[in-house]
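Taking it in order: structure first as structure tokens, then the write-up.
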Amino acid sequence: MGSLLRCSALSLFILLPAVVRVHCQADGQIAAMFDIPETVEGSSNVNLALSGSILSRPKIRSKLECTLYCLDEPECASVNLGKAGEEWVCELNTEKAAANALAYRQGFIYVEKVETESNKNITCPPQFIHKFEGHCYYYNNTSIDWPVARSTCESMGAYLLEIMTEEENDFIASVLLAEGATKTYVWMGGLLTGTQERTWVHSGLSLTRPDFVTFSEWTNWEAYVMFRRSNSDWVDCNSRCMSSTAYMCEMG
């Protein structure tokens, strides 16, 4: 899956009889960030789980998806992660374990979510369930064209997505994964102006070509900018080549 989520947004640590914090690695894989073992069997971080506060049991294809679901679910405070045969089992908990509250459970590990200071005091509207670095995000999988997406976001007191850093780009990729996004592209707030310069519509800042993202099928005449879900590239396109797609609103 690659490095989809950076520790600047949220971090996790594994709770054993003694607390062991995970050290974030800016350029590492998610597995390295969360220190989740490649296999449950044979690891020292096993056989612990929290009971009585399960929020949901999302179906996952890998252990990494479980942590992403928790990071992106406001009510999730911790995770029980294990295996049933060849399948991974993910349980999102609404609570964290009090001292000595973890019970023995063969083949499971217990992980807690810890919000960073930048997100602790952020209050987002109900639909804006994703938080990153003081900003709130809302994703809609409905296909609409760029002008309608822009006006829809503005009617909510927000604006079309503007990505400023590599960490934010990785965060958006994790949001789309957690949301179960199905559209190939997502509208962003970049627009080609009459001077042939792309700008972010809300902030008015120049949309330069940062080195943290790959620009695919980039031309000098296509008006709108999209985020490609499959690989986090940015693509430009006008209404003739992509009349409608999903969109994401940002606030903050």
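Under mature numbering (1 follows the signal peptide of the UniProt record, and there is no 0), the letters of the sequence shown match residues -24 to -1, 1 to 228, in that order. Note that CB positions come from ideal geometry on N, CA and C, so glycine has one too.
Cα-Cα separation between residue i and residue j, rounded to whole angstroms
i	j	result
G18	S32	Residue placement at G18 is poorly supported in this model, since its pLDDT is 42, which falls under 50; the coordinates still yield a value, given next. When rounded, the distance between both Cα atoms is 27 Å.
A53	L47	9 Å
V124	L167	14 Å
I139	V55	29 Å
A222	T190	20 Å
Q188	E144	Residue 188 is actually Phe in this sequence, not Gln. Cα to Cα, F188 sits roughly 11 Å from E144.
T70	P101	20 Å
L183	P50	31 Å
G61	V177	50 Å
P186	G28	47 Å
K159	Y200	16 Å
F147	W197	29 Å
T99	G133	14 Å
Beta-carbon proximity list for residue i, same chain, < 6 Å, skipping 5 on both sides
i	result
G114	Looking at the sequence provided, one finds Tyr at residue 114 rather than Gly. The answer, listed in chain order, is Q103, F104 and C225.
P34	Y45 and C66
Spatial neighbours of residue i in its chain, beta-carbon cut-off 8 Å, leaving aside the 5 residues before and after
i	result
L24	L(-10), L(-9), L78, A79, Y80, R81, F84, I85 and Y86
Residue i and residue j closer than 7 Å at C-beta
i	j	result
E88	K72	yes
G110	Y135	no
V151	F203	no
L44	L137	no
C66	I30	no
A149	N117	no
C112	G228	yes
Simplified DSSP state of residue i, which is helix, strand or coil
i	result
D146	helix
A60	strand
A74	coil
N52	In the sequence as presented, Asn is not what sits at residue 52; that position holds Cys. In this structure, C52 counts as coil in the three-state DSSP scheme.
A154	helix
L24	strand
T160	coil
L181	coil
L137	coil
K35	coil
Own chain, CB closer than 7 Å to residue i, minus 5 neighbours either side, in chain order
i	result
residue 240	The structure shown does not extend to residue 240, since the chain spans only -24 to 228, so no value can be given for it.
Boundaries (first-last residue) of the alpha helix (DSSP H) holding residue i
i	result
V124	W122 to S131
Residue i: first and last residue of the uninterrupted beta strand (DSSP E) it sits in
i	result
H106	H106 to F108
E173	Per DSSP, E173 belongs to no beta strand (DSSP E) and is neither H nor E.
Minimum Cβ-Cβ distance from residue i to chain D less than 7 Å
i	result
Y115	Reference to chain D is not applicable here, since this structure consists of a single protein chain.
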